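Everything in the sequence shown is counted per our numbering, starting at 150 for the first residue and increasing by one.
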Amino acid sequence: MSHIVGVLERELGAEAIVGPGHERLDDYGRDESPLPEFHPPECAVLVESTEQAAAVLRLCLEHKVPVTPRGAGSGMCGAALPIAGGVVLSTERMNRIKEIDPGDLVAVVEPGVVTGTLQEQVEAQGLFYPPDPASLEYCSIGGNASTNAGGPRAFKYGVTREYILGLEVALMGGEILRCGRRTSKGVTGYDLVAGFVGTEGTFGVITELVVKLLPNPPAAATVLGVFADVPTAGAAISALLREGLRPRVLELADRHSIDHVRPRSRYRFPANAGAIVLIEVDGEPDSMAMMMEKIGLRCDDLGALDVLAATEPADRRAVWEARRLISPALKAAYRIKVNEDVCVPRGKIVEMLARVDRVSAETGIATAVFGHAGDGNLHVNLLANDDPADPAVRKKMWAAAEQIFRHTIALGGTLSGEHGIGLTKRDYMHLEQTEQVLEWQRRWKLMWDPSNLLNPGKKIPPATPRCSE
Ligand code: MLT
Ligand code: ZN
150 MSHIVGVLER ELGAEAIVGP GHERLDDYGR DESPLPEFHP PECAVLVEST
200 EQAAAVLRLC LEHKVPVTPR GAGSGMCGAA LPIAGGVVLS TERMNRIKEI
250 DPGDLVAVVE PGVVTGTLQE QVEAQGLFYP PDPASLEYCS IGGNASTNAG
300 GPRAFKYGVT REYILGLEVA LMGGEILRCG RRTSKGVTGY DLVAGFVGTE
350 GTFGVITELV VKLLPNPPAA ATVLGVFADV PTAGAAISAL LREGLRPRVL
400 ELADRHSIDH VRPRSRYRFP ANAGAIVLIE VDGEPDSMAM MMEKIGLRCD
450 DLGALDVLAA TEPADRRAVW EARRLISPAL KAAYRIKVNE DVCVPRGKIV
500 EMLARVDRVS AETGIATAVF GHAGDGNLHV NLLANDDPAD PAVRKKMWAA
550 AEQIFRHTIA LGGTLSGEHG IGLTKRDYMH LEQTEQVLEW QRRWKLMWDP
600 SNLLNPGKKI PPATPRCSE
C-alpha cells in the first residue's frame, strides 16, 4: 500500500477510503468521456465535510501527491480523471441540502447534491432552479459548478454560473475560503465566485454553494415542429426569434438523429422528416394557448411537415421524448460516440451542419447533430462501430473531431458550450485561444495551486517549448 493511502486512512478513517484492491477503485478512474479513458488512482477519498476535504488537500501537498476532485463522474471531457495517479477526492457523500429560503430565493447546498434532487425539492416549494444538464438525474451540483454546466433551458435562463452566488472552497494545502454573497446583487471586490465556476477542479474543491433560485413559472407549453431539412428548420427558428419570441428551450436535431430515434419513438415521424425543432415557452397559464398557436402557425407558414403541441406535463413529456431519446439511441447503435458540444453564432448553425455533413462524407464517419440551437450549442456526434481501444481508430476519430473544431472556429464559434475542456479537448485549445491568453490562464492556475498538484494537466495545455529551449 502506498504511503499516502496509509496517511489518509489514519487521518480520516478507513471508511472514507476506497483503496487498492477495493472493487470500486476502478470506477474512480473513469468518467463519461468519449473513447473511454481509464486512469486509475492510488485511492479515492469519500469526504463527508469541508474539514475532511481540507485535510486531504493539506496532506496531499505535504506528501507531494497529485489530487483530482470528482463529483458524480458524469463529466464528458475527462476533467475528473486522475491522469497523474495519486488521490481522487470525491464529494459524493457531501449531499445535504442545508437550506432552502423562499424569501431570499436561495438554497445552500453541499456539492454532492444531485441536480435533479435539488430541482424537485425547490419545486415542491414553488421555486425553480433552471440549469438542466441532460444528466440531471445523476450529476451533482458541485460538478455542474465546476464545469459551468448548461442544458436546454440555458437559452432563456442562462448557465450554472448565473445561479451561483457564493462558494466555500477548500484550497490546495488545506485553507478554506468563503467568497461571494447571498444577495442577488453584489459588486463588492473581485468576482472570485465567477472565477472558480468552470475551472474543472483545477483551482480548488467546492465544498458548499449558495445557489440563486427563481419563482417557478406557473405554466409551460412545448411544441415540436417537424421540417423537411435543416435550412427550413433554421428559417423557422430565425423567424420566431425575430418576432420577439423568447422561449426557454429552443432545440434542433438533424435527419441522422431523427433516423436513430424513429424506431424507438411513440411518435410516428413523417417519412421525409429531415429536422426537428423543439420549442418550450413558460409564463402565465392564460398566455400558453396564444403562444402555442403563434409558434404552430409560424411553423406551418414555413412548411412544417407536422406540429405537435402540449401544455399538460404528461403530454409535454411525450413531446420531449423525441429529443431525449437521441443520445441513448446513438449510444445503443454505436460502439464509439464522440459527442462534442461546440458553439457557433446562431446565424451560422445551418452552415455548421452543412460542414459537419461534409466532414462525414470526407472521413466516412457517421454523424448526428442535435442540441441547443437557441445558443448555437451543437452536439456534433461522431459515430463508429470500430474497436474503441484501437489506436488507429482513436486517431481517426480525434482527427475528425479536430476538423469539427476548426470549422467551428472558422465560423466564429467556440470549442465547448457546456461540457468543458478537461483532458479530451485540452490539446485543441490553441485552435481558439492565443498563446498569450493560455499563458495568463496558466499563471492564474498557479496562483491557486503553485505546486500544480491539484488536477494537473487539465483544461489548459502545457506551455509549448520555444525553439531555443
Ligand atoms: C445533451 O444536451 O443531451 C447533453 O449535453 C449531451 C448528451 O447527453 O449527449
Ligand atoms: Zn447539451
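Even glycine gets a Cβ: it sits at the ideal position worked out from N, Cα and C.
Note that this is a predicted model, so its numbers are computed, not measured.
Note that the C-beta distance between Thr217 and Pro231 is below 7 Å.
The criterion of a C-beta distance shorter than 7 Å is satisfied by Ala458 and Met441. Shown here, Phe554 sits in a helix according to DSSP, grouped into three states.
Ser295 has its Cβ no nearer than 6 Å to any heavy atom of the ligand MLT.
Distance between Arg447 and Gly393, taken at the CA atoms: about 13 Å.
It is roughly 20 Å from the alpha-carbon of Ile246 to the alpha-carbon of Val342. A check of alpha carbon separations from Gly561 across Ala515, Trp589, Asn534 and Glu500 identifies Glu500 as the nearest. 7 Å or more divides the Cβ of Ile609 from the Cβ of Ala533. Contact check for Cys288 and Val236: beta-carbon distance about 22 Å, past the 8 Å limit, so the pair fails to qualify.
Thr309 carries a helical assignment under DSSP once its states are collapsed to helix, strand and coil.
One thing to note: Leu316 has its Cβ no nearer than 7 Å to the Cβ of Lys361. Just so you know, the alpha carbons of Ile444 and Leu389 end up roughly 7 Å apart. By the CB criterion at 7 Å, Ala233 and Pro605 fall inside the cutoff.
In this structure the segment 218-226 lies against the segment 181-201, because at least three pairs of beta carbons, one per stretch, are closer than 8 Å. If you check the CB distance, Ala203 and Gly292 do not come in under 7 Å. Close CB contacts of Asp175 within its chain, under the 7 Å cut and outside five residues either way in sequence, are with Pro189 (chain order). Note on geometry: alpha-carbon atoms of His409 and Pro419 lie some 14 Å from one another. Excluding sequence positions up to five before and after Pro434, its CB lies within less than 7 Å of the CB of Pro367 and Ala368, all in the same chain and listed in chain order. When the alpha-carbon of Arg207 is set against those of Asp598, Pro611, Ser406 and Glu584, the nearest one is in Asp598.
DSSP places Ser406 inside the alpha helix (DSSP H), whose first and last residues are Arg404 to Val410.
Asp490 sits close to Ser565, with the two beta carbons spaced by under 7 Å. The residues Ala515, Leu532, Ala533 and Asn534, in chain order, have a CB closer than 8 Å to that of Tyr483 in the same chain once the five nearest residues on each side in sequence are set aside.
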